[in-house]
Structure formats: C-alpha cells, structure tokens
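Participant: The structure follows.
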Amino acid sequence: MTAYDKTDVVIVGSGFGGSIPAYHLAAGGAKVTVLERGPWLETKDFEHDYLLGSSYTRAFDFVVGDGMSVLGGNCVGGGSVVYFAAMPRAPKFVFERHGSIGRRMWPSAITRDSLEPWYDRVSDSLPVSKQDWNDVSYAGGLWAAFCDHSGRTANPAPVAVDNDRCVNCNFMMAGCRFDAKRSLLTNYLPAALAHGAKIRPLHEVQRIERIDGGDYRVHFNIVDDEDYRVHSGGGTIDAKIVIIAAGAGATPVILQRSESALGTMPHAVGRYFSGNGERLNTAIIDEERVREVLGLSREDGKVYEANHIGKGPTVANWDKLDGSLPEYERYSLEQLYFPPGLGTILAQVPDGDEPRWFGAQKKEILKKWASWLTIFLMTEDDNEGVFGAPPPTGNAYRISQQMLGRGPLKYDPTPNTLHGWSLADAECKEILEKDGLAKVSPWTNDVVGAYTVHPLASCRIGDDPATSALHPNHELRDHPGIFVTDSASVPGALTVNPAMTIAALAERSVPGIVRALQARGVDVTYGAPTPDGSITGRRAVSKLSLVAGS
C-alpha cells in the first residue's frame, strides 16, 4: 500500500515537541498532520503488567547503543504517556553552562528569566501543581527522612498529576489508566484535534526531501501494530513546513538519512548528545535500623517495605543545585520508582562480589525488593554522544517484536562526566548509609552501558554554527522550513527532569514557525489560549473519526 497527501505542516512525533506546535498551529488555522511511529492507546489500553504485548512494551522504545542506552516513548503522546510527570524548572545556572565547548552553550536570547513566561504557559496548560507532604509516597517520605537525618534538605517535586485521582498504583510508566497523570492525551492533543489536526499512528518517518517550489516531501512506512519490525506499506506527504519532534534518539537519524536528498546537514546534527547526566542508585533498606534510628513505621506496623507503592518521583534533594559550585559538581538527587525489568536487572549488590549485578548474592537482595529505595541522579555531562551511520529504516535495528533495538549512538564518558557521577554517587551513599540505615550501590554500566530516560541535545539550538544544528528559533541551519522542537533541541544536561523545559522551548518556538508559514503563503495566526488541562476534551473526541483513512 502506498499513500500520498498534502498539508501545510507535517509534524514528526507527538510528544511535547510535537503536540504543542500541533495545537497552536491548528488553532491558528493551519492544516496540520502529525505522524507518530507508535500506536494510539487510550485509558482502557493501559495495563498493570509488563508482559510482552502489554501497553508497557507497546508504548516504549529501548535502544541499546555503544556505551549508552536510551529509553523513550513510542505512542501517541510520546514520552508524556510514559513519563513520571515530575515538572521542575531548570536552575538559572543551567543557561550559563559552557560544557565541552568552553563558552556559553545556550543561545544568548534564552535565559531562565526569558523562558519564565513559557514555563508559565505550560504549567497552566497541563496543568502543573505543587505537592505538599500529604501527597508524597512512602518512598518519597523515607527519602526525605534520610535527607533530614543527614543534614540535607528535601522538597516535594512539582508534578503534572491530579492527586485526587491518583491511586498510588505505581504503574505510571505503563500509562495512567485513571487519567490522573496529565499526559498530552489530556490537554494539547485533544485541543489540536478539536481544531482539525490529524494524527496518524504507526507512521514511521524515514526521510525528507525538498521538492519543486521549496516545499518538503516526507516519506513514511506503516508499522504493524504488533510487530514493529514489519512494515505494511508506506507513502509520502507534502508540506510547506516540517517540524521534527521524534525525540533526541530518532530526530538526528531522520536528518542523517535525509542528507542525500536535502544536502549537507549542519555539523552538530547527531553530535553533542547528552544523557542529562543520568544515573541510578539502589539502596537496600535495613528495616529495623529505620525503625530504631528514624522512628518510622506505617499504619500496618511495617517500617517501610513500600518500594512498589506510590507514584514515580515525589521528593527531591536540590542542595547541590548551587550556581556558585564549579561546573560538573552540580546535581539533583530524586527518589524514583523504577518498575521490574531494568530496575531489577541492573541493580547491583552493595559491597558484593563481582559481578555484582548477577549471581547468588543478587538473588538474596531480590528477596528484599519491597525494601528497595531507588535514587535518580541528574548531573552535568560533557555532551559526548555521537550518532554513527543511520540504520536502513527507523532509528534502530529492531531486535524484538516490540520495544528493543540496537542503535547507532556511541557514548564514551569524559573525565568531566565521570567526575560528576562520582560526586553524586558519593553524596547519595553518604545520605543513605548514615548510621547503618541502608546499603547503596549504583546500577551497573556493564550490561547496556550508561542509560538515560531523558535524552537531549543531538540537534541543539545555539548561536554558534560550529556547535549547534539549529538557529535559536529552532530552524535547521541551511534548511529553511525544517524545525526541530523536541528534546534534541535542548543544548545540554539540565540537572533536573527536562520535560518542563522541553515543553517551554516548544511553546517558545511556535511564533517563529507561524511567521515562517505566513512567509510561505499559509493563512495562519498565533495567539490561541492555553488548552484546557482536563480530561473532558479527550473524552469528547473520537479517535476513530480523526485518524486519516478511517
């Protein structure tokens, strides 16, 4: 099967970088088509298990690279469907970082202050709310108690979660079946659909070419709903403007594969990749020491044993988010629930024999899984990731029916990145092991290398053409009419969860895209109100009537 279509704007990907411009451009009068490589899942589709074929494996994309593995979203709504909805704003010092290039990485036009109105717009649209101590999980409360006992501070994280709806099932990562998590399925996407945008799931974009008149032709394959290695045809769609928002692990691959048709790509396409400096530590809690030293217990008499109860990250330690500290010595420590799978495989036995991630000793700590406490470290890295030659199709060589692939990313951490990891590991250990309360160890890098759930910067914005792929307005250098608005555009590690900043940058990019469309003769305006951040819009729209071809 082949298909051909024409529209004003093609958006590749439906996460934060795709859904936000989709809403504003459609509301402004443009014809918008969103191509999403993953399935379209609804509330009823989100399952409470991690079996092959469940919503968990259908909605995730796990790509193993050389030294770095990337876990991302693969469904309508993108990463917002599988994220943990922690929405802090990046610290001011982040925007002044020099990183590996020895000078300011961010465009001069962007500071924390200048981004503040766009943060506000996202906060209103989702919406984002502050939590108090009554909202945090058992694990979050325990982490706060550890921090307090060791002389540190702890704070409830801002979240895009309706805590009145949340049942603390800890299955957020498989999609929220209670509509408590404010994914893009509950705000920007239904608003975009209401204004006429079309969303085509299971459409994997392969390449882009320029056609007569200066428009672009986007080539796609149709992906099988069950086996993502199988394609059942393909087609093309022509557009005045193309917005690529396929994620930092896929956006550069699409551009690299398009180079033969589009012409030379900027040097920074597929370079300067950042894993947001991420690292995980697992602590094995000594229940009785927690009772004796911290005086904690639950209503049922248990001390903790609540690793599986709650919702993602709820409490963070931000003591080291201090702009007066040297670069690579600033980081955050956040309590995090990581579901079975990678969490149980990569956790290491504290002070155990090598290999510490596998063997008899590992079996023993698995018996204590309910007493685990996982801490998420977000540090400053050196943007050292580089993408090699793209695979023939998609962003990776598909290994399994769903979820798993082998990608072209190579990541060799520099001494600066290793220094940041080491400091954060040491701080985490000092907090958790004080007075014998727990034993802690980082996850192993021996199995899949380093790992990130927040890939960034593979096509970043900046002022310097030598080190940035995009102009500060997110337009691809030397390729007018192609914009990148997803996590790939973020210049470097943020030291906090990046979703809020990715969304704010996407909001900021829209006026420039509107001007580019107007210059190409499209009757479009900017100025739509923030979408209603409730579930009512979603329930009022039938997806079947809006999928092209239905």
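Per our numbering, the sequence shown starts with residue -6, numbered consecutively.
Where is the CB? At the ideal position from N, CA and C, for every residue including glycine.
Hey, is the region 342 to 357 in contact with the region 453 to 461, meaning 3+ C-beta pairs nearer than 8 Å?
Facilitator: Contact fails: fewer than three Cβ-Cβ distances are below 8 Å.
Participant: Classify C549 as helix, strand or coil using the three-state DSSP reduction.
Facilitator: The question about residue 549 has no answer, for the chain in this structure spans -6 to 543.
Participant: Report the CB separation of L64 from S48 in whole angstroms; it is logged as a contact under 8 Å.
Facilitator: Not really, about 15 Å apart at Cβ, beyond 8 Å.
Participant: Does G70 get closer than 8 Å to chain B when you measure Cβ to Cβ?
Facilitator: No chain B appears in the structure shown, which is made up of a single protein chain.
Participant: Decide yes or no for the touch test of the region 235 to 242 against the region -5 to 13: beta carbon pairs closer than 8 Å, at least 3 of them.
Facilitator: In short, these stretches touch, since the Cβ pair count reaches three.
Participant: If you reduce the DSSP assignment to three classes, tell me which class F331 lands in.
Facilitator: DSSP places F331 in coil when its eight states are reduced to three.
Participant: Go through the region 429 to 486 residue by residue and report every complete run of the beta strand (DSSP E) that reaches 3 residues or more, in order.
Facilitator: Listed in chain order, they are 431 to 435, 443 to 445 and 475 to 477.
Participant: To the nearest angstrom, how far is the alpha carbon of T478 from that of E280?
Facilitator: Those two C-alpha atoms are separated by around 46 Å.
Participant: Give me the Cβ distance between T488 and R323, rounded to the nearest whole Å; I'm assuming they're in contact under 8 Å.
Facilitator: The Cβ separation is near 6 Å, so the contact holds.
Participant: Just to confirm before moving on: does the CB-CB distance between R210 and D231 stay below 8 Å?
Facilitator: In contact: R210 and D231 (Cβ atoms closer than 8 Å).
Participant: Taking the Cβ atom as the reference point for each residue, do I331 and L411 lie within a distance shorter than 8 Å?
Facilitator: Note on identity: in this sequence residue 331 is Phe, with Ile being the wrong assignment. Going by C-beta atoms, F331 is not nearer than 8 Å to L411.
Participant: What's the gap between the Cα of S316 and the Cα of G413?
Facilitator: Note that residue 316 is Gly in the sequence shown, not Ser. Cα-Cα distance, rounded: 15 Å.
Participant: Leaving out five residues on either side along the sequence, give the residues of the same chain with a beta carbon under 8 Å from the beta carbon of G530.
Facilitator: With a pLDDT of only 40 at G530, under the threshold of 50, the placement of this residue in the model should not be trusted; the figure read from the coordinates follows. Taken in chain order, the residues that qualify are T179, N180, P183, A184, A187 and P524.
Participant: Report all residues from its chain with a CB closer than 8 Å to the CB of E468; omit the five preceding and five following residues, and keep chain order.
Facilitator: The residues are G474, I475, F476, G505 and A509.
Participant: Mind the definition here: the region 81 to 94 touches the region 44 to 59 only if three or more C-beta pairs lie below 8 Å; say whether that holds.
Facilitator: Counting Cβ pairs under 8 Å, fewer than three are found: no touch.
Participant: So the beta strand (DSSP E) H412 belongs to, where does it begin and stop?
Facilitator: Careful: H412 lies outside any beta strand (DSSP E), inside the alpha helix (DSSP H) at P408 to E426.
Participant: Along the beta strand (DSSP E) that carries R501, what are the first and last residues, could you check?
Facilitator: Element bounds for R501: not the beta strand (DSSP E) but the alpha helix (DSSP H), A492 to A512.
Participant: Using the beta-carbon count (16 or more within 10 Å), is R96 buried or exposed?
Facilitator: Classification for R96: exposed.
Participant: Measuring only the C-alpha atoms, how far is S122 from R158?
Facilitator: Taking the straight line joining both Cα atoms gives about 14 Å.
Participant: Helix, strand or coil: how does DSSP classify L28 here?
Facilitator: Of the three classes helix, strand and coil, the one that applies to L28 here is strand, per DSSP.
Participant: Quick check: G336 and T367, are their CB atoms within less than 8 Å of each other?
Facilitator: Yes.
Participant: Considering only their Cβ atoms, is the gap separating T460 from A83 smaller than 8 Å?
Facilitator: No, the Cβ-Cβ distance between A83 and T460 is not below 8 Å.
Participant: Measuring CB to CB, does K403 end up less than 8 Å from V379?
Facilitator: Against a cut-off of 8 Å, the Cβ pair of V379 and K403 comes out as a contact.
Participant: What alpha helix (DSSP H) runs, 4 residues minimum, are completely inside the region 142 to 228?
Facilitator: Segments of the alpha helix (DSSP H) lying fully in the region 142 to 228: 181 to 187.
Participant: Please classify T146 as buried or exposed, where buried requires at least 16 neighbouring CB atoms within 10 angstroms.
Facilitator: The residue is exposed, with fewer than 16 neighbouring Cβ atoms inside 10 Å.
Participant: Near Y519, which residues of its chain fall below 7 Å by C-beta distance, leaving aside the five closest residues on each side in sequence?
Facilitator: Excluding sequence neighbours, Y519 sits near H17, G21, V503, P504 and V507.
Participant: Answer with buried or exposed for T50, where buried requires no fewer than 16 other C-beta atoms within 10 angstroms of its C-beta.
Facilitator: The residue is buried, with at least 16 neighbouring Cβ atoms inside 10 Å.
Participant: Could you compute how far the alpha carbon of I192 sits from the alpha carbon of S415?
Facilitator: Rounded to the nearest angstrom, the two C-alpha atoms are 44 Å apart.
Participant: Would you kindly work out how many angstroms separate the C-alpha atoms of W99 and N466, rounded to a whole number?
Facilitator: When rounded, the distance between both Cα atoms is 12 Å.
Participant: Just confirm the distance between the C-beta atoms of N67 and D54, as a whole number of angstroms; I'd bet it's less than 8 Å.
Facilitator: Rounded, the Cβ-Cβ distance is 4 Å, consistent with contact.
Participant: Buried or exposed, going by whether 16 or more other CB atoms sit within 10 Å of the CB of G206?
Facilitator: Classification for G206: exposed.
Participant: Please name the residue or residues paired with I236 in a DSSP beta bridge.
Facilitator: DSSP output for I236 lists I4 and F476 as bridge partner(s).
Participant: Which of helix, strand or coil does DSSP assign to G378?
Facilitator: Here G378 sits in strand by DSSP.
Participant: Would you say the region 291 to 304 touches the region 123 to 131, given that touching needs at least three Cβ pairs under 8 Å?
Facilitator: Touching, per the Cβ criterion.
Participant: Give a yes or no on whether the C-beta atoms belonging to E500 and I201 are separated by under 8 Å.
Facilitator: Their beta carbons are not under 8 Å apart, which means E500 does not touch I201 by this criterion.
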